[in-house]
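Numbering (this note's numbering), first residue to last: 508 to 758. We put the beta carbon where it would ideally sit given N, CA and C, even for glycine. Have a look at the structure below before the remarks.
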């Protein structure tokens with residue numbers, strides 16, 4: 508993971524027929540788990556990890572079929588990814604932690620919090636998908652293309668090469684599961700504190716969608732990062748890390 512000054516401890520955890528790759532940074536008392544979006548890997552969390560690892564122990568997950576984890580034989584629902592992640596964390600001895608998702612990872616983290624509520628202390632959803640008003644694969648592709656024009660070249664390179672690693676087949680098998688998942692119907696059942704974050708220039712996650720999620724989960728904190736695109740934790744890592752630390756205090 509470019510930019511991080513310390514080498515991670517890497518574990519490949521087998522859960523049934525699935526692999527989850529876990530990389531651990533830092534050694535602070537606070538624990539944070541980062542879950543990537545569709546097609547991505549832990550690499551785009553690099554700048555956020557650099558901030559967080561100064562005071563916390565940070566774990567990045569790479570879910571089945573993404574990053575360095577092997578591709579399964581069948582497609583997985585968001586709840587399947589969640590169960591596999593939770594069981595991998597338990598098998599790795601990673602106790603209760605703040606769980607942070609980005610993009611599709613927000614859907615997975617929400618399902619994780621419902622599957623294993625005893626393992627999570629707070630939930631932070633960065634750029635949560637899927638906007639209910641545009642629940643269509645073609646529209647999501649258009650919004651992704653728009654966002655690419657707003658991201659720095661470094662982000663686009665990381666995401667593009669990660670998409671190549673995942674491969675178009677696995678991406679296309681996962682996409683309908685992501686688009687069909689209704690976050691607005693699930694988030695209200697999360698019991699731990701929830702923080703919702705979007706970049707003000709994110710075409711994938713409009714302001715109205717964030718407000719809808721906040722209404723669906725009474726008590727959730729909604730934050731907008733001025734001037735930031737979809738991969739806001741890369742473009743504004745210090746402020747994102749501060750939001751995570753603030754959210755952890757609410758547990």
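Review point. Count the other CB atoms within 10 Å of the CB of residue 667; is the residue buried (16 or more) or exposed (fewer)?
Key: Counting C-beta atoms within 10 angstroms of its own C-beta, residue 667 has fewer than 16 neighbours from the protein chains shown and is therefore classed as exposed.
Review point. Counting pairs of Cβ atoms below 8 Å between the segment 559-575 and the segment 636-651, do you hit three or more?
Key: Three or more Cβ pairs closer than 8 Å define a contact, and the segment 559-575 falls short of that threshold against the segment 636-651.
Exercise for review: Could you pull out every residue in the same chain whose Cβ sits closer than 7 Å to the Cβ of residue 748, ignoring the five residues on either side in sequence?
Suggested key: When the five nearest sequence neighbours on each side are left out, the beta carbons in the same chain lying within less than 7 Å of the beta carbon of residue 748 are those of 555, 558 and 559, in order along the chain.
Check your understanding: In angstroms, rounded to a whole number, what distance separates the CA positions of residue 534 and residue 562?
Key -> Going by the C-alpha atoms only, they are around 7 Å apart.
Exercise for review: Check the C-beta distance from residue 669 over to residue 547 and give it rounded, since I have them as a contact under 8 Å.
Suggested key: With a Cβ gap of about 5 Å, residue 669 and residue 547 count as contacting.
Exercise for review: From the DSSP output, in three-state form, read off residue 508 for me.
Suggested key: The predicted position of residue 508 is uncertain, since its pLDDT is 44 and thus under 50; a value taken from the coordinates is nonetheless stated next. Three-state DSSP puts residue 508 in coil, outside helix and strand.
Review point. Do residue 520 and residue 599 have their C-beta atoms closer together than 8 Å?
Key: Yes, they are a contact pair.
Point to revise | As assigned by DSSP and simplified to three states, the class of residue 577 | key: Assignment of residue 577 by DSSP, reduced to helix, strand and coil, places it in the coil class.
Check your understanding: Looking only at DSSP bridge pairs, what is residue 729 linked to?
Key -> DSSP, once it has assigned bridges, lists 703 as partnering residue 729.
Point to revise | Identified DSSP bridge partners for residue 518 | key: Answer is 529, bridged to residue 518.
Review point. Between which two residues does the beta strand (DSSP E) harbouring residue 538 extend?
Key: First-last of the beta strand (DSSP E) with residue 538: 537-542.
Review point. Do you know how far the Cα of residue 718 is from the Cα of residue 705?
Key: Here the alpha carbons of residue 718 and residue 705 stand approximately 11 Å from one another.
Check your understanding: Should residue 661 and residue 628 be called a contact, given that it needs their Cβ atoms to be closer than 8 Å?
Key -> No; because the gap between Cβ atoms is not below 8 Å, this pair is not in contact.
Check your understanding: How many Å lie between residue 727 and residue 693 at the Cα?
Key -> When the Cα atoms are used, residue 727 and residue 693 turn out to be separated by approximately 13 Å.
**Study point:** Residue range of the alpha helix (DSSP H) that includes residue 653
**Key:** For residue 653, the enclosing alpha helix (DSSP H) stretches over residues 644-655.
Point to revise | Of the residues 620, 606 and 524, the one placed nearest residue 578, counting alpha carbons only | key: Comparing alpha-carbon positions, the option among 620, 606 and 524 lying closest to residue 578 turns out to be 524.
Practice item. Return the chain-ordered list of same chain residues with a C-beta closer than 7 Å to the C-beta of residue 696, the five sequence neighbours on each side being excluded. Key: Counting only Cβ-Cβ distances below 7 Å, and skipping sequence neighbours, we find 621.
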